[in-house]
Amino acid sequence: MLALKTVLSRADRTPTLIFDEIDQGIGGRVGTVVGAKLWRLTQSSYPEVEGVGQPGHQVLCITHLPQLAAFGDVHYGVEKTVTDGRTIALVRRLESRARLDELAQMLGTQGAAALQGAEDLLVQASNLKSG
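Numbering-wise (the numbering used here), the sequence shown opens with residue 1 and increments by one.
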């Protein structure tokens, strides 16, 4: 689906694309490539030519892969609990330290190394987005 949407994105007028579990079966290095491709879908086509092309898409991505999550301009955390037989979902926007903590937890390690890894992911994604 990502490959199709990437190819068709220049002609597609669908403003919002939703990808659920797009990280299925992929790992770190490929996750970074997929994250970059998802981010590129948010950019307008032919931005160098004024008046030509389409605006970028809004991309919503549900993922457990920190390499993908690092590319998000906005990051939300979702927690589900069961109370009295009812499932309740709590969604909160993650910023600054909360985002670092979530990415570190997604990496599956703990401590200073996990936080450093999360910071490295954000820097790498930022560098790829700006270059």
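We treat Cβ as the ideally placed atom computed from N, Cα and C, and that holds for glycine.
In this text the structure is predicted, and so the values were computed from the model without any measurement.
Cβ neighbour criterion (16 or more within 10 Å) applied to residue i
i: threonine 32; result: buried
i: valine 78; result: exposed
i: threonine 139; result: Coverage of the chain is limited to positions 1 through 131, which leaves residue 139 absent and any answer about it impossible.
Beta bridge counterpart(s) of residue i as assigned by DSSP
i: glutamine 58; result: Thr16
i: arginine 93; result: Tyr76
Simplified DSSP assignment, three categories, for residue i
i: glutamate 79; result: strand
i: threonine 87; result: strand
i: leucine 65; result: coil
i: glutamine 116; result: helix
i: glutamine 124; result: helix
i: methionine 44; result: Note that residue 44 is serine in the sequence shown, not methionine. In the structure shown, serine 44 sits in coil (DSSP, three-state: anything other than H, G, I, E or B).
i: glycine 28; result: helix
i: glutamate 102; result: helix
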